[in-house]
Amino acid sequence: MIREAEYRDLSAILDIYNDAILNTTAIYRYKPFTLEDRILWYETKKKEDLPLLVFEENNVVIGFATFGPFRSGPAYKYTIEHSVYIHKDHRGKHIGFTLMNELFKIANSKGYATMVAGIDGSNEISILMHEKLGFSNCGVIRKAGYKFGKWLDLVFYQYELQGPSVPTEE
Numbered sequence: 004m005i006r007e008a009e010y011r012d013l014s015a016i017l018d019i020y021n022d023a024i025l026n027t028t029a030i031y032r033y034k035p036f037t038l039e040d041r042i043l044w045y046e047t048k049k050k051e052d053l054p055l056l057v058f059e060e061n062n063v064v065i066g067f068a069t070f071g072p073f074r075s076g077p078a079y080k081y082t083i084e085h086s087v088y089i090h091k092d093h094r095g096k097h098i099g100f101t102l103m104n105e106l107f108k109i110a111n112s113k114g115y116a117t118m119v120a121g122i123d124g125s126n127e128i129s130i131l132m133h134e135k136l137g138f139s140n141c142g143v144i145r146k147a148g149y150k151f152g153k154w155l156d157l158v159f160y161q162y163e164l165q166g167p168s169v170p171t172e173e
C-alpha cells in the first residue's frame with residue numbers, strides 16, 4: 004500500500020535512509036541523520052506541500068519516496084529532484100517502480116516539467132530502474148563525491164513531465 008507518510012513512519016524512514024548512508028554510495032553523506040533531523044525534514048515537506056510517500060507491507064514501512072526543488076532560483080520552479088529508497092531486505096520487488104509512478108502522477112498534477120535524478124555512477128540497479136521508467140541520461144560529474152576511500156561519479160538523469168499548460172515567470 005502506498006500512502007502519505009505520517010509522524011509514526013519517521014523512525015522506519017530514518018532506518019532505511021541511514022542504512023543507505025552507512026552502507027552504500029547512494030547518499031553522499033558520512034554520518035546518519037537523527038530522528039530530530041527527520042522530523043524537521045518531514046515538517047518542511049508538509050509546509051511546502053511536497054509529497055512524502057511510504058510503501059507499507061503488513062503494516063511495516065519498507066520504502067519511501069519524495070521530491071523537492073532541484074535548485075533554489077525562481078526559473079527552476081518547474082524542475083524537481085526526487086529520492087526513492089527501499090529497505091535493504093525488500094529490494095528487487097519493484098517497489099521503487101511503484102513509488103516512482105505515484106510520484107509522476109503527483110508531479111504532473113502540480114504542473115512540473117522535469118524530474119531529475121542524481122545517481123551514484125556505480126549504482127547500476129538504480130540506473131537501470133530509471134532507464135526503464137523512461138529517464139534519459141543527461142550527464143556525469145566525475146569525482147563529485149568521495150566516500151569509502153574512493154571517488155564517486157554522479158550521474159544525472161531526467162524525466163520529462165507534462166509541465167504547466169501556461170508557464171509563467173512569476
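Residue numbers (the working numbering): 4 to 173.
We put the CB at the ideal spot given by N, CA and C, even for glycine.
Below 8 Å between beta carbons: does that hold for residue 110 and residue 118?
yes
Please name the residue in 89, 43 and 105 whose C-alpha comes closest to that of residue 22.
89
Would you check if the distance between the CB atom of residue 156 and the CB atom of residue 143 is smaller than 8 Å?
yes
Measure the beta-carbon distance from residue 83 to residue 73 and round it to whole angstroms, keeping in mind my assumption that it falls under 8 Å.
6 Å
Which residues share a DSSP beta bridge with residue 140?
160
Do residue 175 and residue 5 have their C-beta atoms within less than 8 Å of each other?
This structure cannot speak to residue 175, because the chain is shown only from 4 to 173.
Check whether the Cβ atoms of residue 8 and residue 67 sit closer than 8 Å, and answer yes or no.
yes
According to DSSP, is residue 80 helix, strand or coil?
coil
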